[in-house]
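Residue numbers (the numbering used here): 303 to 493.
Heads up, the beta-carbon is just placed ideally off N, CA and C, and yes, glycines get one too.
Report on one structure; see the data block that follows.
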């Protein structure tokens with residue numbers, strides 16, 4: 303019977319120290335202004351968006367432009383080509399805007415200015431300027447991919463630090479809760 307009580311108290315100390323360590327981590331992260339559950343969700347969103355951006359950079363952009371074929375010389379067809387190209391550029395820039403929204407850096411005015419600029423290029427059938435705009439969007443996509451990777455690494459480092467801190471707290475608190483046993487053993491050793 304005594305053995306069962308002892309094992310029960312050890313189990314109780316383990317559970318109590320785990321809950322206390324978890325509470326400490328929660329309060330420390332709250333004081334630091336970090337929501338650990340939100341950060342895990344953000345890591346998942348970053349992974350999905352980074353995969354989409356990398357897919358577009360590897361083959362998506364070239365496939366989008368290649369589907370239109372050569373640039374027509376006659377104006378009605380050239381204008382239609384420019385409109386379709388502007389639509390594809392707008393869809394690609396939407397991916398970078400989603401990254402900005404994810405990081406709370408979205409600027410509606412910049413997005414609207416880009417749209418107005420592309421509309422001017424389509425009205426004048428300026429394919430060269432639209433291709434230059436496509437290069438700008440490619441650079442923005444590369445920049446977004448780099449920013450996403452940096453943010454992901456930071457969040458993973460932070461999550462790892464909180465996990466390590468949790469286990470350190472758990473061990474320290476378990477030893478604190480068990481101190482009566484430790485002190486009894488050390489007290490009998492001195493006698």
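Starting from residue i, follow the alpha helix (DSSP H) in both directions and report where the run begins and ends.
{"i": "residue 429", "result": "429-479"}
{"i": "residue 364", "result": "363-368"}
{"i": "residue 359", "result": "No alpha helix (DSSP H) holds residue 359; DSSP gives it neither H nor E."}
Tell me which same chain residues have a C-beta within less than 7 Å of the C-beta of residue i, skipping the five on either side of it?
{"i": "residue 427", "result": "377, 380, 381 and 384"}
{"i": "residue 472", "result": "319, 320 and 323"}
Helix, strand or coil for residue i? Go by DSSP, reduced to three states.
{"i": "residue 378", "result": "helix"}
{"i": "residue 373", "result": "coil"}
{"i": "residue 336", "result": "coil"}
{"i": "residue 405", "result": "coil"}
{"i": "residue 426", "result": "coil"}
Suppose the cutoff is 6 Å on Cβ atoms and the five residues either side in sequence are ignored; what does the same chain contact list for residue i look like?
{"i": "residue 394", "result": "439"}
{"i": "residue 423", "result": "431 and 432"}
How long is the line joining the alpha carbons of residue i and residue j, rounded to whole angstroms?
{"i": "residue 400", "j": "residue 352", "result": "11 Å"}
{"i": "residue 418", "j": "residue 429", "result": "15 Å"}
{"i": "residue 312", "j": "residue 475", "result": "13 Å"}
{"i": "residue 348", "j": "residue 464", "result": "20 Å"}
{"i": "residue 412", "j": "residue 402", "result": "12 Å"}
{"i": "residue 416", "j": "residue 442", "result": "13 Å"}
{"i": "residue 466", "j": "residue 372", "result": "57 Å"}
{"i": "residue 354", "j": "residue 343", "result": "17 Å"}
{"i": "residue 470", "j": "residue 450", "result": "30 Å"}
{"i": "residue 489", "j": "residue 453", "result": "At residue 489 the pLDDT is 48, less than 50, meaning the model places this residue with poor confidence and gives no usable figure here."}
{"i": "residue 338", "j": "residue 326", "result": "13 Å"}
{"i": "residue 364", "j": "residue 404", "result": "26 Å"}
{"i": "residue 484", "j": "residue 308", "result": "For residue 484, the predicted model reports a pLDDT of 49, less than 50, meaning its position is unreliable; a value from the coordinates is still stated below. So the alpha carbons of these two residues sit roughly 14 Å apart."}
{"i": "residue 448", "j": "residue 345", "result": "14 Å"}
{"i": "residue 445", "j": "residue 437", "result": "12 Å"}
Beta-carbon within less than 8 Å of residue i's beta-carbon, same chain only, minus the 5 sequence neighbours each way: which residues are those?
{"i": "residue 420", "result": "388, 391, 392, 432 and 435"}
{"i": "residue 341", "result": "457, 460 and 461"}
{"i": "residue 358", "result": "394, 397 and 443"}
{"i": "residue 333", "result": "none"}
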